[in-house]
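Asks:
Number of protein chains: 4
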Amino acid sequence: MSDSVRAVKIRDCVVGGPELVVMAGPCAVESREQILGAAGVVAASGARFLRGGAFKVRTAPTAFQGLGWDGWALLREAADAHGLLTVSEILDEGQIETARRYVDFAQIGSRNMQNVPLLKALGRSRMPVLLKRGFGCTIDEWVHAAEYVLREGNESVVLCERGIRTFETATRFTLDVAAVPIAKARLGLPVVVDPSHAAGKRDWVECLTLSAVAAGADGLLIETHPDPAKALSDGPQAVVLSEFPALMEKTRRVAEAMGRTIPVGARVVAA
Amino acid sequence: MSDSVRAVKIRDCVVGGPELVVMAGPCAVESREQILGAAGVVAASGARFLRGGAFKVRTAPTAFQGLGWDGWALLREAADAHGLLTVSEILDEGQIETARRYVDFAQIGSRNMQNVPLLKALGRSRMPVLLKRGFGCTIDEWVHAAEYVLREGNESVVLCERGIRTFETATRFTLDVAAVPIAKARLGLPVVVDPSHAAGKRDWVECLTLSAVAAGADGLLIETHPDPAKALSDGPQAVVLSEFPALMEKTRRVAEAMGRTIPVGARVVAA
Amino acid sequence: MSDSVRAVKIRDCVVGGPELVVMAGPCAVESREQILGAAGVVAASGARFLRGGAFKVRTAPTAFQGLGWDGWALLREAADAHGLLTVSEILDEGQIETARRYVDFAQIGSRNMQNVPLLKALGRSRMPVLLKRGFGCTIDEWVHAAEYVLREGNESVVLCERGIRTFETATRFTLDVAAVPIAKARLGLPVVVDPSHAAGKRDWVECLTLSAVAAGADGLLIETHPDPAKALSDGPQAVVLSEFPALMEKTRRVAEAMGRTIPVGARVVAA
Amino acid sequence: MSDSVRAVKIRDCVVGGPELVVMAGPCAVESREQILGAAGVVAASGARFLRGGAFKVRTAPTAFQGLGWDGWALLREAADAHGLLTVSEILDEGQIETARRYVDFAQIGSRNMQNVPLLKALGRSRMPVLLKRGFGCTIDEWVHAAEYVLREGNESVVLCERGIRTFETATRFTLDVAAVPIAKARLGLPVVVDPSHAAGKRDWVECLTLSAVAAGADGLLIETHPDPAKALSDGPQAVVLSEFPALMEKTRRVAEAMGRTIPVGARVVAA
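Protein chains in written order, with the working numbering: chain L, 22 to 292; chain F, 22 to 292; chain A, 22 to 292; chain G, 22 to 292.
(1) Let me know the secondary structure DSSP gives Leu229 of chain G once reduced to three states.
(2) Output the boundary residues of the alpha helix (DSSP H) element that contains Ser109 of chain F.
(3) Do Gln128 of chain A and Ser109 of chain A count as a contact pair if the criterion is CB distance below 8 Å?
(4) Counting only Cβ-Cβ distances shorter than 8 Å, please list the residues of the segment 172-192 of chain G near chain F, keeping chain order.
(5) Just tell me which of A:Ala167, A:Ala65, A:Cys34 and A:Ser217 has its CA closest to the CA of Pro47 of chain A.
(6) Please look up how many angstroms separate the CB atoms of Ala235 of chain L and Met279 of chain L, rounded, as I've assumed it's under 8 Å.
(7) With a 10 Å radius around its C-beta and 16 neighbouring C-beta atoms as the bar for buried, classify Ala292 of chain A as buried or exposed.
(8) So which residues of chain B does Thr159 of chain F contact, with C-beta pairs closer than 9 Å?
(9) Residues in the same chain with beta-carbon distance under 6 Å from Val50 of chain F, minus the five sequence neighbours each way, listed in chain order, please.
(10) Using a Cβ-Cβ cut-off of 8 Å, state whether Ala81 of chain L counts as contacting chain F.
(11) Taking C-beta to C-beta, are Gly157 of chain G and Cys158 of chain A nearer than 8 Å?
(12) Reducing DSSP to helix, strand and coil, say where Arg79 of chain A ends up.
(13) Whose Cβ in chain G lies nearer than 7 Å to the Cβ of Ser232 of chain L?
(14) Taking only three categories from DSSP, how would you classify Arg288 of chain A?
(15) Taking the alpha-carbon positions, what's the Gly61 of chain L to Asp125 of chain L distance?
(16) If you pair each beta-carbon of the segment 176-191 of chain A with each one of the segment 177-193 of chain F, do three or more pairs fall below 8 Å?
(17) Can you find a CB in chain G that lies within less than 8 Å of the CB of Cys34 of chain L?
(18) With burial defined as no fewer than 16 other Cβ atoms inside 10 Å of the residue's Cβ, what is the status of Val285 of chain G: buried or exposed?
(19) Out of A:Asn175, A:Ser131 and A:Val275, which has the shortest C-alpha to C-alpha gap to Arg281 of chain F?
(20) Does the beta-carbon of Leu88 of chain G, which I'm using as the reference point, lie nearer than 7 Å to any heavy atom of the ligand FMN?
(21) At a Cβ threshold of 8 Å, is Asp258 of chain L touching chain F?
(22) Could you tell me whether the segment 171-180 of chain F touches the segment 188-207 of chain L, where touching means 3 or more Cβ pairs closer than 8 Å?
(23) Please report the distance separating the alpha-carbon of Thr83 of chain A from that of Arg69 of chain F.
(24) Starting from the beta carbon of Glu168 of chain L, find every residue of chain F whose beta carbon is closer than 9 Å, and list them in chain order.
(25) Along the chain, where does the alpha helix (DSSP H) containing Leu96 of chain L start, and where does it finish?
(26) Give the DSSP-derived three-state secondary structure of Met22 of chain G in the structure shown.
(27) Can you give me the C-alpha to C-alpha distance between Ile111 of chain F and Pro149 of chain F, rounded to a whole angstrom?
(28) In the DSSP output, what is Arg72 of chain L paired with across the bridge?
(29) Using a beta-carbon distance below 8 Å, is Glu244 of chain A in contact with chain F?
(30) Classify Ser66 of chain L: buried if its beta carbon has 16 or more other beta carbons within 10 angstroms, exposed otherwise.
(31) Taking the straight line between their C-alpha atoms, what separation do you get for Val290 of chain G and Ala59 of chain G?
(32) In three-state terms, what does DSSP make of Gly37 of chain L?
(33) Out of A:Ile160, A:Val213 and A:Glu168, which has the shortest C-alpha to C-alpha gap to Leu180 of chain A?
(34) Does the beta carbon of His218 of chain F sit closer than 8 Å to a beta carbon anywhere in chain L?
(35) May I have a chain-ordered list of the beta strand (DSSP E) segments no shorter than 3 residues that lie completely inside the segment 206-281 of chain G?
(36) Do you know whose CA, among A:Phe85, A:Gln86, A:Gly37 and A:Ser52, lies nearest Pro247 of chain A's CA?
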């Protein structure tokens, strides 16, 4: 299906082409050791982007809110050490200028999908934008949110399906796999999938990852942590880092059945 | 139930006391004539606040986005002419300083319920805040959003239930009437209800208005327009202005059965 | 709104006329003492029907499934002793003939709303039918289910809104109050509301009861139990029997504001 | 994941083993020509079961309700002519004895998932049962429904995920792919997926089919019709029969990546 998609180029990486672009890392950057360890493993498994939040939107004000600017510096350092690009959430127009030095791919979080001032500011910034679907929003509303960015002249928009809110509580959200081809057909933008937030529990991440690839996703955004039990946010849904390579092996097989490739992790530069 | 609620005072109006506080007006300020006409009728019917958006968050970027600062000036003028207070949505921290001159009650819209920088900024501003529930958000998340405002030292927070997203399409959203007592019990803040966005169609606004009052709502936020067919936004759900007084008469009867009062509209100052 | 409704007469009781018809009692008939006690109190408070399940559809096969035929006999006895009519769920065509002796108003449960053989059988039976809305069904589907009964020549159909499944977990279901006028407008049938199953917790039953009356409901179906902590099913949502009269007093006030009456409980025959 | 599943044997076919069991055919049996044509193509593509409804539960009473017993006879004839087994919905205990002659695999439809008398009757019948998930029901309720069948001593139960009701309207239902491993983990029963009802539109059937296989489904239940524009029910979601073989080719590639097989269609016997 990717032939009808207008690929988005982020530095040397093309989202929406034959490569299935893997973005992985912890929910939040917590320490130098944590993010460097994650970077090494995900790079060796074929990931192209290191994910990690520095400014976290948490449901409760008492929850860990991220390391802020220090978090971005650590993310950049870890990514550079392993030949990875960076993807991280931007909350506010005021963060954009600094973000340019640290973040290659600017994520708009699910809770901000309809934050129009932010959509427009990132549109004007010309940074590549990863627009997550609001968990209470229709595909139609998601497409309109993307149009706010596009209309500012920024064509580097990638959509990210991450599950919607339903009555089912066995998972944190219900992954809407059909949204992948439907959203592609609407705007011709690449669509990636975040299986972690939908699953809410690591046991179901593999199922959602493989399903997403079979649904035609152009990429994956996966949470993995060296020691999820100690994670400061979203630990229960993080794949244990030591199990990430095996997950990527299974993913590669399904990707190949779909005519997609995941690079072998030769890009590992140093420890 | 209002005895356990910590009332919020906005100039001379108390939300969460024995008065059922009515806030009404058009979705968006469109013209001087439109907003003045609305102000006169809603004041005469017992409303205390004139509502009207100047900066609209619209799903599609091509939809009418509001008159901006001019809209707020017209809202203020119309409210002052009829002894009303004003309630209007603020989208962005940058709007707060100017808003102080025009807006008595700062609304955080449903799409911004989890916009943490905005919650914190309005917390610091000490403006009275009307926090709408995100249409995809649980009561628990709504309460946590309110805590972001409260923790900045701003205790003037009123919650607004406005319907949640469900599978039922006969209405635009499904009004969650039980959220009124549940949210009150959680934080002790007053809760008002917006029946208009839940209904999506004016035929069902009366039902939802009366239900909200019977559920124990401390106030109402109702859209009314002199000529809904020509409204630039949300026309289908606006009560026809000429029918607003009759709606208020029915509302007053249910309010009285609940031990609440709606002032008679003696506050009309001039035409 | 009841002027446009085609009233349904069940023995001496008219549903859809000026009277707000109250149906109350325990979820399940458990013992002679329990059902007689409930009958006395609900009759004294103005209820016209005694509710009580004898054949329960429980989610889990290990849960209490009801007393069966004995349950119906006890329900009839208790109702007769207090001048009440009976409403109880019928699961299966094979129960209809016996039901005629015990049940005045045949309830089709939420889980059976689209059980077409049952709909047709009760249509042919000419018993008055109380058709609950499926918790996962749209108003449109509910109306079509009613048409299955009507098309067999049975015009004595009353609809019952009882909450739909949504993402909100603070209540067991979300009561769709707008469904009351919408369903009435579609078929002209009376609509009653069950606040108990929507609430799931007795604390919220009052709110939903009063909201339903304000929404224009033609009747109420409320669970009440002498000792909910010992109830064999749905205890947490049952109003404590000793608090039922106070709930009815509040309900009466809202009903009167809506132009409806609830009879005073002069119909009490014996203790 | 299938190693932890207790396979169910239906004549010579094992559901829950290494084979991905394909069940396909029209929504409803409409004519001898239609069902024979479908049988030939689906058998040649590797399907093991011919599906086709004879007693249809339709939302509206005026919609086509199926050919009844004649439909089952035609289904049997077409399946036998092409070496296929049959799967068809049973609505009522009274149909079971006749069904034994025509139906190898008794489907309980989504609307009947909590029809307890039917669950128990099929439990007693010992027919292999395909239990569809209610579109408004949780995984937990679905598992309990299966327990009603199992407790009658019938262990031949296969679950079928077919989409749940959510706010998204771009598809008819939202396929809950995570339900596949979750339901397996709960009871150890095989789980198959119906992508057709979830999609509601044939454009999205391929996406959902491949996702289901990647999620670990043990089989597929797919609607296909020689001329969907003329179908008497569910035409918009039926794969055009002439395109079914290509869909199976893609499915086979993903199945193989998951370590599953789909037989090549050597079983074609005669035209």
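Virtual Cβ for every residue (Gly too), placed ideally from N, Cα, C.
Replies: Inspection of the coordinates gives the following:
(1) helix
(2) Per DSSP, Ser109 of chain F belongs to no alpha helix (DSSP H); it is in the beta strand (DSSP E), Leu106 to Glu110.
(3) Yes. Within cutoff.
(4) Arg186, Thr187, Phe188 and Thr190
(5) Measuring from the Cα of Pro47 of chain A, the nearest candidate turns out to be A:Ser217.
(6) Going by Cβ atoms, the distance from Ala235 of chain L to Met279 of chain L rounds to 6 Å, so yes, they are a contact pair.
(7) At Ala292 of chain A, the pLDDT of 40 sits below 50, so the modelled position is not reliable; the number obtained from the coordinates is stated separately. By the neighbour-count rule (16 or more Cβ atoms within 10 Å), Ala292 of chain A is not buried but exposed.
(8) The chain labelled as chain B is not found among the protein chains of the depicted structure, namely L, F, A and G.
(9) Ile56, Gly73, Ala75, Leu88, Gly92, Leu95 and Leu96
(10) yes
(11) yes
(12) coil
(13) Within chain G, the residues whose beta carbon sits less than 7 Å from that of Ser232 of chain L are Val198, Ser232, Ala235 and Ala236, listed in sequence order.
(14) Low local confidence applies: a pLDDT of 49 at Arg288 of chain A is under 50, so the model's placement there is unreliable, and no value is given.
(15) 18 Å
(16) yes
(17) no
(18) Under this definition Val285 of chain G is an exposed residue.
(19) Minimum Cα distance to Arg281 of chain F is reached at A:Val275.
(20) As far as ligands go, the structure on display features none, and thus does not contain the ligand FMN.
(21) Sequence inspection shows Gln at residue 258 of chain L; the Asp mentioned does not correspond to that position. Gln258 of chain L does not count as touching chain F.
(22) Between the segment 171-180 of chain F and the segment 188-207 of chain L there are fewer than three C-beta pairs closer than 8 Å, too few to call the two in contact.
(23) 56 Å
(24) Ala81, Pro82 and Thr83
(25) Trp90 to Ala102
(26) Because the pLDDT at Met22 of chain G is just 41, under 50, the model does not fix this residue reliably, and the value given afterwards should be weighed accordingly. Residue state, collapsed to three classes: coil.
(27) 12 Å
(28) L:Val108
(29) no
(30) Under this definition Ser66 of chain L is a buried residue.
(31) Note that Val290 of chain G scores a pLDDT of 46, beneath 50, so its modelled location is shaky; the value from the coordinates is reported in the next line. The alpha-carbon atoms of Val290 of chain G and Ala59 of chain G are separated by roughly 14 Å.
(32) coil
(33) A:Val213
(34) Closer than 8 Å: no.
(35) 212-214 and 240-246
(36) A:Ser52
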